[in-house]
Amino acid sequence: MSRPGPRNLITDVDGIQVGNAEDFEALTGTTVILADEPVTAACAVAGGGPGTRETDLLRADTMVEQVDAVVLSGGSAYGLAAADGVCARLGAMGRGYGLKDLPGVPKTPIVPSAILYDLANGGKKDWGQNPPYRQLGEEAFENHNKHFGLGNVGCGIGANAGAHAGGLGSASLITNDGITIGAVAGVNCFGSVFMPNTTCFWAWPFEIGGEFGGHRPPEDYECDPEEWGDAKMNPQPGQNTTIACIATDVDLNPAQAHRVAQMALSGFSRAIRPVFAPFDGDALFVISTGKVKLEEPTPIALTRIGELAASTLARAIARGVYEADQKVTA
């Protein structure tokens with residue numbers, strides 16, 4: 041029987057750590073997913089209003105096949121600067137890509153990133169020419185650990201999920217043959233994570249052990265296809281996004297990681313309705329530490345990994361909102 045890892049966090053994947061940093065006045069923050077060693081990576085973007093960095097480099101036909109970290113940040117376009125702080129810290133450690141070692145020539149850390157929009161959440165954003173995101177990236181890097189909080193932390197501190205508080209969520213799964221998959225998500229969606237007129241998450245069929253409250257839909261529940269429940273009914277362009285990262289210890293090449301990313305996008309639709317709207321910036325990264333070799337025929341193995349990644353992501357999204365709501369109502 042597959043089960044969550046000991047932390048039920050993406051850091052149950054060996055070789056992965058996460059750091060968070062927040063600016064409580066500005067109500068914004070940054071999350072860094074740090075790999076102990078370079079990892080294979082891919083990206084899939086499904087929202088109509090994305091904000092990303094280095095995603096072109098993750099195509100299967102490009103030269104650089106591995107990354108050092110992934111950054112998820114608040115701040116809209118300003119938040120892309122969080123990756124600058126992470127690059128600086130990694131470069132100072134001598135990490136990064138280089139064709140060969142040359143005296144006096146620094147390596148180039150590869151740090152893809154995605155952002156969500158939290159500029160209109162009421163926080164103090166009058167930062168002039170000094171947005172806080174490079175510093176937040178450095179602080180989140182310094183805070184990297186196997187343990188981290190959920191809900192109103194990191195890139196989720198200023199997020200809103202429909203009419204509810206959004207947040208940072210994470211979940212993991214270990215299969216009976218020893219494969220580990222983890223997900224982390226910053227949930228700031230236009231759509232609702234709850235079934236209309238209930239306290240039940242859309243992701244409830246994938247919940248394990250009551251990890252986001254154990255609520256179930258009423259018997260004989262029906263939902264009008266036009267009923268969106270607690271969605272943001274009057275969205276403004278660019279203000280809604282769920283950004284996420286999947287990690288696995290299965291050895292994937294770039295093309296295989298891309299296929300897993302494409303399949304894992306369905307985790308968004310299992311947890312949020314509606315999703316991938318024109319004003320959502322939904323983006324998903326997949327990283328592979330390569331420590332477990334595929335034993336099944338590749339198409340079958342990839343199908344399995346993609347499906348497990350999707351359900352783990354759905355759980356992470358629900359946990360992010362559940363933990364944020366718990367703190368708001370406490």
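Start counting the sequence shown at 41; every next residue gets the next number (the working numbering).
Yeah, the Cβ is synthetic: ideal placement off N, Cα and C, and Gly gets one too.
Return helix, strand or coil for Gly55, following the three-state DSSP convention.
-> coil
Do Gly206 and Asn228 have their C-beta atoms within less than 9 Å of each other?
-> yes
Assuming Gly226 contacts Thr282 (C-beta within less than 8 Å), just tell me the rounded distance between them.
-> 7 Å
With a threshold of 16 other CB atoms inside 10 Å of the CB of Gln57, please say whether the residue is buried or exposed.
-> buried
When we look at the beta-carbon of Val110 and count the other beta-carbons within 10 Å, is it buried (16 or more) or exposed?
-> buried
If you count every other CB in all the chains shown that lies within 10 Å of the CB of Gly231, and 16 or more means buried, which is it?
-> buried
Going by the beta-carbon positions, is the gap between Pro44 and Ala211 smaller than 9 Å?
-> yes
Between which two residues does the alpha helix (DSSP H) containing Pro294 stretch?
-> 294-304
With DSSP as the reference, label Thr369 as helix, strand or coil.
-> Per-residue confidence for Thr369 stands at a pLDDT of 48, beneath the threshold of 50, marking its modelled position as unreliable; the derived number appears in the next sentence. DSSP places Thr369 in helix when its eight states are reduced to three.
Range covered by the beta strand (DSSP E) that runs through Cys229 | That residue, Cys229, is in no beta strand (DSSP E); it is neither H nor E in DSSP.
Three-state secondary structure (DSSP) at Arg256?
-> coil
Nearest neighbour of Glu267, chosen from Asn237, Arg256, Phe241 [CA to CA] | Asn237
Identity of the residue in Ala117, Thr68, His255 nearest Pro90 by Cα = Ala117
Find out if the Cβ-Cβ distance for the pair Pro294, Thr95 is shorter than 9 Å.
-> no
What do you reckon, are the CB atoms on Asn280 and Tyr157 nearer than 9 Å?
-> yes
Identify which residue in Pro318, Asp322, Arg310 has its Cα closest to the Cα of Ser351.
-> Arg310
Which two residues bound the contiguous beta strand (DSSP E) that contains Leu324?
-> 323-332
Which residues bound the beta strand (DSSP E) around Leu208?
-> 207-214
Thinking C-alpha only, which one of Ala349, Gly88, Ala61, Gly87 is nearest His298?
-> Ala349
Would you report the Cα separation of Leu97 and Val104, rounded to the nearest angstrom?
-> 7 Å
Simplified DSSP assignment, three categories, for Gln169 = coil
So, are the CB atoms of Ile221 and Val53 less than 9 Å apart?
-> yes
Of the residues Ile357, Gly330, Thr215, which one's Cα is nearest the Cα of Asp291?
-> Gly330
Could you round the C-beta distance between Tyr362 and Gly253 to whole angstroms and report it? I think they count as a contact, below 8 Å.
-> 6 Å
Exposure label - Asn170; buried when at least 16 CB within 10 Å | exposed
Where does Glu336 sit, in a helix, a strand or coil, going by DSSP?
-> coil
Candidates Gly55, Ser42, Val151, Pro339: which alpha carbon is nearest Pro287's?
-> A small fix is needed here, since residue 287 is Ala in this sequence, not Pro. Cα-wise, what sits closest to Ala287 is Gly55.
DSSP three-state assignment for Gly69, whether helix, strand or coil = strand
Whole-number beta carbon distance between Cys240 and Pro257, since they are thought to touch under 8 Å | 5 Å
6 Å Cβ shell around Phe316 - same chain, five flanking residues per side excluded | Ala86, Gly87, Asp322
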